[in-house]
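A.B. asks: Take this structure first; my questions come after.
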Amino acid sequence: MKLNSKSIGKILSVFLWGVIILNGVGLINTYLFAFHYNIYLNIMTFDHFINIFLGVSFLILVILYLIWLYKIHIDLNHFSIQYPISPLAAVLRVIIPIYNLWGMWNVYSTMAKQLDLRFDTNTLANQLRLFIPFYYFLNIISRGVSSSLSNSTSIGVWLASYTVDLVLVIFYLLMVKTITKALQIIAGESVGKTNEIELKPNEQAKKETV
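Have a look at this one:
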């Protein structure tokens, strides 16, 4: 079975890698601004371009992530008719303020619990559980740091913002890869998985008559 989330997952992973690289460059540029200003002057125009491109990339990344989350839950609901979270409910749990303080954790802990029910995805469920606290608290810290940027000229706050966002996006990538791999296993699409050989109708008939 082809996963609904397969294509968007690949696109999301590419954008996550792109944002990781841009964030890393932004962090280096901010460090140069703080401690090696003469060098920074030579790349100031480049840094402005990076900041603009990073802002646009983050916006696209949010949209891709929400589409991916929606489609992931289409797959999860397909594989388990009793899955407790619908695709729309999953998206609402991560975008509605205040409500998402509970929802962000609940969406992924529920996912980990579901994957833990299967022997072949048990290890991936444990990996996901390990990532959830980092993803959750880094999200909260990132929001706090970002809100203080407009009221602060401290270079330390800017360095903290780039650092937190960089680590957060890395954990997003790890979670996307873990969840995608688990669903591929469930769907029988994982690399290296031995598929059952389908018998032709006449061969099946022979087998049944033996």
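Quick note: the sequence shown uses UniProt numbering, first residue 1, plus one each step.
Glycine residues also receive a C-beta, built at the ideal position from the N, C-alpha and C atoms.
Output needed for F58: all residues of its chain with C-beta closer than 7 Å, excluding positions within five of it in sequence on either side, in chain order.
C.D. replies: Reading the sequence shown from its first residue, position 58 is the one you call residue 58. Correct list, in chain order: V19.
A.B. asks: Between K71 and I8, is the Cβ-Cβ spacing less than 9 Å?
C.D. replies: In the sequence shown, counting from the first residue as 1, residue 71 sits at position 71. In the sequence shown, counting from the first residue as 1, residue 8 sits at position 8. In contact: K71 and I8 (Cβ atoms closer than 9 Å).
A.B. asks: Counting C-beta neighbours from all protein chains within 10 Å, is the total for F15 16 or more, i.e. buried, or is it exposed?
C.D. replies: Mapped onto the sequence shown, residue 15 falls at position 15. Classification of F15: buried, given that the 10 Å Cβ count is 16 or more.
A.B. asks: Just curious, the alpha helix (DSSP H) that R118 is in, first and last residue?
C.D. replies: Counting from one through the sequence shown, the residue named residue 118 turns up at place 118. First-last for R118: undefined, no H or E at that position.
A.B. asks: Report whether the distance from the Cβ of G156 to the nearest heavy atom of the ligand ZN is below 8 Å.
C.D. replies: With respect to the ligand ZN, the structure shown offers nothing to examine, as it has no ligands at all.
A.B. asks: At which residues does the alpha helix (DSSP H) containing N38 begin and terminate?
C.D. replies: Residue numbering aside, residue 38 sits at position 38 when the sequence shown is read from its first letter. First-last of the alpha helix (DSSP H) with N38: Y37 to N42.
A.B. asks: Just the C-alpha distance for F35 and I52, rounded to the nearest angstrom, thanks.
C.D. replies: Position 35 of the sequence shown, counted from the start, is the residue given in the question as residue 35. Position 52 of the sequence shown, counted from the start, is the residue given in the question as residue 52. Each residue's alpha carbon lies about 22 Å from the other.
A.B. asks: If you count every other CB in all the chains shown that lies within 10 Å of the CB of N38, and 16 or more means buried, which is it?
C.D. replies: Residue numbering aside, residue 38 sits at position 38 when the sequence shown is read from its first letter. Counting Cβ neighbours within 10 Å, N38 comes out exposed, since fewer than 16 surround it.
A.B. asks: Let me know the secondary structure DSSP gives K6 once reduced to three states.
C.D. replies: If you number the sequence shown from 1, residue 6 lands on position 6. Of the three classes helix, strand and coil, the one that applies to K6 here is helix, per DSSP.
A.B. asks: Tell me where the alpha helix (DSSP H) around I96 begins and ends.
C.D. replies: Residue mapping note: residue 96 aligns to position 96 of the sequence shown, counting from 1. That residue, I96, is in no alpha helix (DSSP H); it is neither H nor E in DSSP.
A.B. asks: Between which two residues does the alpha helix (DSSP H) harbouring Q184 extend?
C.D. replies: Sequence index remark: in the sequence shown, residue 184 carries index 184 (1-based). Taken as a continuous stretch (DSSP letters only), the alpha helix (DSSP H) holding Q184 covers I155 to A187.
A.B. asks: Nearest to L182 by CA position, among N126, M44 and N23, is which residue?
C.D. replies: The residue given as residue 182 occupies position 182 in the sequence shown. Reading off the sequence shown, one finds Ala at residue 182, where the question assumed Leu. Checking every option, the nearest Cα to that of A182 belongs to N126.
A.B. asks: For my contact list, P87 and H73 are in at a C-beta cut-off of 8 Å; report their separation, rounded to the angstrom.
C.D. replies: Position 87 of the sequence shown, counted from the start, is the residue given in the question as residue 87. Position 73 of the sequence shown, counted from the start, is the residue given in the question as residue 73. Yes, they are in contact, since the Cβ atoms of P87 and H73 sit about 4 Å apart, within 8 Å.
A.B. asks: Which of the three DSSP states is assigned to I20 in this structure?
C.D. replies: Here residue 20 is taken as the residue at index 20 of the sequence shown, counted from 1. Here I20 sits in helix by DSSP.
A.B. asks: With three or more beta-carbon pairs closer than 8 Å as the criterion, would you say the region 123-142 touches the region 162-173?
C.D. replies: Touching, yes, given that three or more Cβ pairs across the two stretches are closer than 8 Å.
A.B. asks: Would you tell me roughly how many angstroms separate the C-alpha atoms of M44 and T30, rounded to the nearest one?
C.D. replies: Taking the sequence shown and counting its residues from 1, the one referred to as residue 44 is at position 44. Taking the sequence shown and counting its residues from 1, the one referred to as residue 30 is at position 30. Spanning the two alpha carbons is a distance of roughly 10 Å.
A.B. asks: Taking a contact to mean a Cβ-Cβ separation below 9 Å, would you say V107 touches L69 in this structure?
C.D. replies: As a first step, residue 107 must be located in the sequence shown, where it is residue number 107. As a first step, residue 69 must be located in the sequence shown, where it is residue number 69. Going by C-beta atoms, V107 is nearer than 9 Å to L69.
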